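See structure below.
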Amino acid sequence: RHGGHAMAAGITIAPDFVEAFRERLNGIARRTLRPDQLLPVLKLDAEVTLGDLTVERLGELDRLAPTGQGNPGLQFCATGLRLHRAPMRMGKEQQHLKLFVTDGDDVREAVWWNVPKDYVVPPAFDIAFVPEVNEYRDQRNVQLKINDLRPC
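Start counting at 1 in the sequence shown, then tack on 810, and there's your number in the working numbering.
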């Protein structure tokens, strides 16, 4: 009745019944869902090496757009990475990190938004990211926009 999207389930409920509906729905969820089903899931399109990520290849991937349900960008993972140099804090409140990561063969710049100030990057890690071409001072380089990082 009021818009939404193709994957939405719409209902009309009287205000007096909202709390009872919420309690009943939560009860069904408690009985039927496992705790692991409540954890967020990252959907990855492929595992890549840093050497796979070149400005030219990202241009080729752009030609596939739009991609995915609802047209999200392609998200990749790279495993067994290490820091190439010390991370740098960025942003007005130092809430973002710039990393230079290596897989032992190649190095790529990465940015990670809204990282807790006390977070310490582990010695070895895997990342989920969206690759981008960053243009700065007439230079075009691959930059990885990190969505998640886990120790390995």
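Note that the Cβ used here is the ideal one computed from N, Cα and C, for glycine as well.
Predicted model only: the values in this text are computed from it and were never measured.
{"Asked": "So for D916, helix, strand or coil by DSSP?", "Found": "coil"}
{"Asked": "Please list, in chain order, all residues of the same chain as V921 whose beta carbon is under 8 Å from its beta carbon, the five residues on each side excluded.", "Found": "M900, H906, L907, K908, L909, Q953, L954, K955, I956"}
{"Asked": "According to DSSP, what are the bridge partners of C887?", "Found": "E857, A938"}
{"Asked": "If you draw a straight line from the alpha carbon of K853 to that of E942, how long is it in whole angstroms?", "Found": "18 Å"}
{"Asked": "Examine chain C for any beta-carbon lying closer than 8 Å to the beta-carbon of R834, and answer yes or no.", "Found": "Given the protein chain composition of this structure (a single chain), no chain C is represented."}
{"Asked": "From the DSSP output, in three-state form, read off L874 for me.", "Found": "coil"}
{"Asked": "Excluding the five sequence neighbours on either side, which residues of its own chain have a C-beta within less than 6 Å of the C-beta of L959, listed in chain order?", "Found": "F935, I937"}
{"Asked": "Per DSSP, what kind of secondary structure is Q953 in: helix, strand or coil?", "Found": "strand"}
{"Asked": "Between which residues of its own chain and V940 is the CB-CB distance below 6 Å, once the five residues before and five after are set aside?", "Found": "G883, Q885, K955"}
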